[in-house]
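Notes follow the structure.
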Amino acid sequence: MKKILSIAVAVLMIAAICVPCFAATIDKTTPEGKGTAQVKTDISAVTDNGTFVVTIPAEMPIPWNTANTDSSKDFTYSVESQLKTGKLIQVDVAQNNANMTSASGATLAYTITGDITAVKTTAPVVAAGTFVKTVTVNVAGAAWANAAIDEYSDTLTFTAQIIDA
Numbered sequence: 000m001k002k003i004l005s006i007a008v009a010v011l012m013i014a015a016i017c018v019p020c021f022a023a024t025i026d027k028t029t030p031e032g033k034g035t036a037q038v039k040t041d042i043s044a045v046t047d048n049g050t051f052v053v054t055i056p057a058e059m060p061i062p063w064n065t066a067n068t069d070s071s072k073d074f075t076y077s078v079e080s081q082l083k084t085g086k087l088i089q090v091d092v093a094q095n096n097a098n099m100t101s102a103s104g105a106t107l108a109y110t111i112t113g114d115i116t117a118v119k120t121t122a123p124v125v126a127a128g129t130f131v132k133t134v135t136v137n138v139a140g141a142a143w144a145n146a147a148i149d150e151y152s153d154t155l156t157f158t159a160q161i162i163d164a
């Protein structure tokens, strides 16, 4: 009796873990002998909005005073992304101070212009090299004329975030 009960329980356990399969069948009664199957992506394992990379310059060297005129230097940053539908990347660039500072505490005024405020991609998928933006660093002639020759520096902060389109 125990053997029969053990076999019956084993069969019931196997039947309990079977996952029913849904399948379409084609047989001689199927019109034109054709069936269809739906192919679709499964994004249930995607737990966030996707991925992005913003490539920024690690250092932005500004050539020292050129004939006491305005000095401007352009730098670029780029974005590539693969996001969910309805999402974009927004980039903001901000200068830490209005002045670059030397080790001795001297300052050199500068401004930044260009693609620096609320710059947005135009689609959720951006291929490498297709979204390149420019930041221009300007040091006015008067600022050059009033600064001792030294190494001055400041920090630019690039902020990137995923936003709704």
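Residues in the sequence shown are numbered from 0 upward in steps of one, following numbering that gives the first Met the number 0. We treat Cβ as the ideally placed atom computed from N, Cα and C, and that holds for glycine.
Cβ distance (whole Å) where residue i is taken to contact residue j below 8 Å
| i | j | result |
| --- | --- | --- |
| Phe51 | Glu31 | So it is not a contact: roughly 47 Å between Cβ atoms. |
| Thr116 | Asp91 | 6 Å |
| Pro123 | Leu82 | 4 Å |
Close Cβ partners of residue i (< 6 Å) along its chain, the five nearest in sequence each way excluded
| i | result |
| --- | --- |
| Val125 | Val78, Glu79 and Ser80 |
| Ser70 | Val138 |
| Phe74 | Pro56, Met59 and Val134 |
| Ala164 | Gly85 and Leu87 |
| Lys72 | Ile61 and Val136 |
Distance, residue j Cα to residue i Cα
| i | j | result |
| --- | --- | --- |
| Asn145 | Ile161 | 42 Å |
| Thr46 | Gly34 | 34 Å |
| Ser5 | Ala23 | 36 Å |
| Ser43 | Gln89 | 26 Å |
| Lys39 | Thr84 | 16 Å |
| Asp26 | Asp41 | 30 Å |
| Val18 | Asn48 | Low per-residue confidence applies at Val18: pLDDT is 48, beneath 50, and the placement is therefore not dependable, though the value from the model is reported in the following sentence. Answer to the nearest angstrom: the Cα atoms are 31 Å apart. |
| Ala57 | Lys86 | 27 Å |
| Asp216 | Gln94 | For residue 216 there is no data in the structure shown, the boundaries of the chain being 0 and 164. |
| Tyr76 | Thr158 | 12 Å |
| Gly128 | Lys119 | 15 Å |
| Ile148 | Thr100 | 12 Å |
| Ala102 | Asp114 | 30 Å |
| Gly104 | Glu150 | 11 Å |
| Met0 | Gln37 | 49 Å |
Cβ-based neighbour list, residue i, same chain, cut-off 8 Å, excluding 5 preceding and 5 following
| i | result |
| --- | --- |
| Ala142 | Leu107, Ala108 and Tyr109 |
| Ala97 | Ala108, Tyr109 and Thr110 |
| Thr29 | none |
| Val131 | Thr75, Tyr76 and Ser77 |
7 Å CB neighbourhood of residue i in its chain, flanking five on each side removed
| i | result |
| --- | --- |
| Thr54 | Tyr76 and Ser77 |
| Trp63 | Ile148 |
key: beta strand (DSSP E) runs contained entirely in the stretch 116–144, provided each spans 3 or more residues   = 131–138
Three CB pairs or more closer than 8 Å across the stretch 129–145 and the stretch 102–114 = yes
Uninterrupted alpha helix (DSSP H) stretches inside the stretch 37–112 (no shorter than 4 residues) = none
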